Every structure is written in structure tokens, then in C-alpha cells.
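Student: Heads up: the sequence shown begins at 39 in the working numbering, then just goes up one per residue. Mind having a look at this structure? Questions to follow.
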Amino acid sequence: MIKVAVHRLLAMIPILLAVVFFAFLLIRMAPGDHLSELRLDPNVSEETIATLQRQYGLDRSWYAQFAQWCARAVKGDLGYSVAYHSPVTSLLADPLINTFVLTSAGLLLALLVALPLGVLTAGARRPWLDRCFDVITSTTLALPAFLLALLALLLAAKTGWFPLSGVRSLDYESFSPAARVSDLLYHLILPAGVLAVRQVPSYLRQLHAGLREILAEEYILAARAKGLSEASILLRHALRNALNPIITMFGQSIGALLSGAFVVEVIMSWPGIGSLAVNALRSRDQNVLVACLLCAGAMLALGNLLADLLLAVADPRIRRPQRL
């Protein structure tokens, strides 16, 4: 399993290079750059614009900029932000942590809701409950992330139960350690809940269908014939076998989770990678935007790797070499 993990990590390198390559290409295809607004100012001379272009490397072709960026990235230098007047690496730490916290909390909350509900609905076996289940999950899946985020903001504004934006309170630094954790959770629950609402129906449907299929297997019928309780059959025998598709789906849902997190970050003012990328796009800050796309690609690849490793741990058959 360690060899597989190492191979997958090495395979991430060309994938991330492709992400950066197309990022430079698409950014160059878009009209204008960070100096476009300065060109409209009559007080800024052409010599000043040309000097700034040379300083930031904007006078070079996109493939030359890509090659220079790769050479610096190997040394840990992701370039300089012309909008923030700061190295890009110093801008990424907090947004990266905030996005990781948000997506992890959303995923954890979705699993905590979907797993018990999936077991309960699969074991109930009532037609009216199945119809309600289909209607609710289909309706929730049809709701876009931006609409859920706007509804969450409306709820926070009308009730005052949740903060409207941010990660922490203004006087966060004066809090005790326990109060800081409580404050973070207070700011996290609403955006994480929006992400969870988007993920719960997919996990719930997958688990529901998997359990229904497994409960019809012969070994389950044999367990019932031995007098085992329905709860014991569900939790000890059926659920473990039904988790494999859920773990596989975890890797596939990382992309949707990240895209949903970016939307939630922008609408609910959560200072993560998504918000930083949108600000970089508005200011046409090329290096920051490329770094944000690189981080998103790395998180997606690592999420899929984690799903594969969890699947190998949960199912011993995957770890065993196949023999002819």
C-alpha cells in the first residue's frame, strides 16, 4: 500500500503541471492584465508601464512565464503578488487552512447525517417512506450551492443566530483557548451546513441503495434465520459491506465539495482559497490565481488518494495481490 501511495504522489506531479500550464494559457487568452487600469490613467507614462511590465515579467510570452514560474516553484517560490505587494506563499497559508477546515467540517457533518439516516431508511422498508426519501433527496440535489448559501445568509440575518461572515470575532485574540474553539465553531456551523446539505443526498442515496441490495443477499437471510436482530444485521453485517461504495464516492465528491466550498466562501465571506482566487481574478493577479488553482488541484488529488487508501484499509481484498 505504501508503494501505491508513493506512485500516486509521483503521478500527481504531471497533473499539477498540467493545471498550471493551462492556467497560464487561459489567463493569457483573457484580455488585459494587472496594469490595464494604470494604462487608463493619463498621469501614468508609457515608460512607467513598460518598467512595471519588465519588473513583473508581463512583457514575456505566457510559455516563458510558465517556464520561469516552474523554475521558481521548485525552490518554493510561487511568485510575487502585484495586487497585495507580497510573496504569494505568504498569502496562501491562512486561506488554505480555512478552506481545509470548511471542507472537512462539511464532509464530516454530511457523513454524520447521512450514515444514520441511510441505515434507518434502508431498514424501515415502508413504501411511503421510500417515496418521501426520493422526493426530499431529489429536491435537495436540484438546489444550487449559491442558492443554499443565500438562504443561509437570509436565515442568519433574520434570526441573528449565526454570524453573517468571517472566521472569527473581532475580539478573538482576547478569548481563552476554549472560547476560541467555540467562536470558530460558531462561525463555521452555517457555511459547513450549506456544504453538508449539498453532500448528504448523494451519500444517503448511495448508502440506501447499497444496504437494500446487501439485505437481499443470502448470508443476510441466513443471519435472520439464526434469529439475529435486525439492528445487529444492519450494523454488524450489512453496513460494513455497504461502506465501500461510500468511500469510493468520497474521492469522487472531493471536486464537488471544493467547488461548493468556493461558492460558499465567496457568498458568505469565508476567507479561503476560493475567495482569494476570486479577488485575484478581479485584480488580474496572475501569480496568486495560478497558486490558488494549484492548491485546489493538489487538494483534489490528495483527496482521491486518501479515498483509495481508506478503501484499501476497509476492504482487505484490495490489498491482496490478484493471482491468476
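Quick reminder that beta carbons are idealized off the backbone N, C-alpha and C, glycines included. These numbers come from a predicted model, not from an experiment.
How many angstroms separate the CA atom of threonine 286 from the CA atom of serine 307?
Tutor: One C-alpha to the other measures close to 31 Å.
Student: Give every residue of the same chain whose Cβ lies closer than 8 Å to the Cβ of leucine 54, excluding the five residues on either side of it in the sequence, and list them in chain order.
Tutor: Excluding sequence neighbours, leucine 54 sits near Leu332, Gly335, Ala336 and Ala339.
Student: Can you say whether valine 44 is buried or exposed, counting buried as having 16 or more other CB atoms within 10 angstroms of its CB?
Tutor: Result: exposed.
Student: Measuring CA to CA, which of Ile135, Pro239, Ser119 and Ser142 is closest to leucine 341?
Tutor: Correcting the residue identity first, residue 341 is glycine in this sequence and not leucine. Per the Cα distances, Ser142.
Student: Helix, strand or coil: which one does DSSP assign to proline 201?
Tutor: Proline 201: coil per DSSP, three-state reduction.
Student: In three-state DSSP terms, what is tyrosine 122?
Tutor: Tyrosine 122 falls in the coil class under three-state DSSP.
Student: What does the Cβ neighbour count give for tryptophan 107, buried or exposed, with the cut at 16 atoms within 10 Å?
Tutor: Buried, since its Cβ has 16 or more Cβ neighbours within 10 Å.
Student: By the DSSP assignment, the alpha helix (DSSP H) with tryptophan 100 in it spans what residues?
Tutor: Tryptophan 100 -> alpha helix (DSSP H) spans 100-111.
Student: Rounding to the nearest angstrom, what Cα-Cα distance links arginine 46 and alanine 345 in this structure?
Tutor: For arginine 46 and alanine 345, the distance between alpha carbons rounds to 12 Å.
Student: Inspect the CB distances between the stretch 195-209 and the stretch 101-118 and report whether three or more fall short of 8 Å.
Tutor: Short answer: they don't touch.
Student: Tell me the start and end of each unbroken alpha helix (DSSP H) in the stretch 313-354 that is at least 4 residues and wholly inside, in chain order.
Tutor: Listed in chain order, they are 324-352.
Student: Relative to the alpha-carbon of leucine 134, which residue among Arg243, Lys264 and Ala315 has its alpha-carbon at the smallest distance?
Tutor: Checked all of Arg243, Lys264 and Ala315; the closest Cα to leucine 134 is Ala315.
Student: Report the rounded CA-to-CA distance for isoleucine 284 versus glutamine 237, giving the unit in angstroms.
Tutor: Going by the C-alpha atoms only, they are around 12 Å apart.
Student: Closer than 8 Å is the cut-off here; do at least three beta carbon pairs connect the stretch 257-267 with the stretch 227-237?
Tutor: These segments do not touch.
Student: Count the other C-beta atoms from every protein chain shown that fall within 10 angstroms of the C-beta of serine 296, then say buried if there are 16 or more, exposed otherwise.
Tutor: The displayed chain sequence assigns leucine, not serine, to residue 296. Buried: at least 16 other Cβ atoms inside 10 Å.
Student: Need the endpoints of the alpha helix (DSSP H) that proline 27 sits in, please.
Tutor: With the chain covering only 39 through 362, there is no way to say anything about residue 27.
Student: Please determine, among Phe104, Gln91, Asn81 and Leu90, the residue with the shortest C-alpha to C-alpha distance to alanine 56.
Tutor: Cα-wise, what sits closest to alanine 56 is Phe104.
Student: Alanine 299 and glycine 312 look like a contact to me (Cβ under 8 Å); what is the Cβ gap, rounded to whole Å?
Tutor: 6 Å between Cβ atoms; contact.
Student: What would DSSP say about glutamate 84, mapped onto helix, strand or coil?
Tutor: Note: glutamate 84 maps to helix in three-state DSSP.
Student: Which same chain residues, not among the five before or five after cysteine 367, have their C-beta less than 7 Å away from its C-beta?
Tutor: Past the edges of the chain, shown from 39 to 362, lies residue 367, and the structure says nothing about it.
Student: Tell me whether aspartate 115 sits in a helix, a strand or coil according to DSSP, three-state version.
Tutor: Aspartate 115 falls in the coil class under three-state DSSP.
Student: For valine 302 versus alanine 187, is the C-beta distance shorter than 8 Å?
Tutor: Their beta carbons are under 8 Å apart, which means valine 302 touches alanine 187 by this criterion.
Student: Please tell me whether isoleucine 252 and asparagine 279 are closer than 8 Å, where the distance is taken between their beta carbons.
Tutor: Going by C-beta atoms, isoleucine 252 is nearer than 8 Å to asparagine 279.
Student: Taking its Cβ as the centre, do 16 or more other Cβ atoms sit within 10 Å of histidine 123, making it buried, or is it exposed?
Tutor: Classification of histidine 123: exposed, given that the 10 Å Cβ count is below 16.
Student: How many angstroms separate the CA atom of alanine 216 from the CA atom of valine 126?
Tutor: Distance between the alpha carbons of alanine 216 and valine 126 is about 32 Å.
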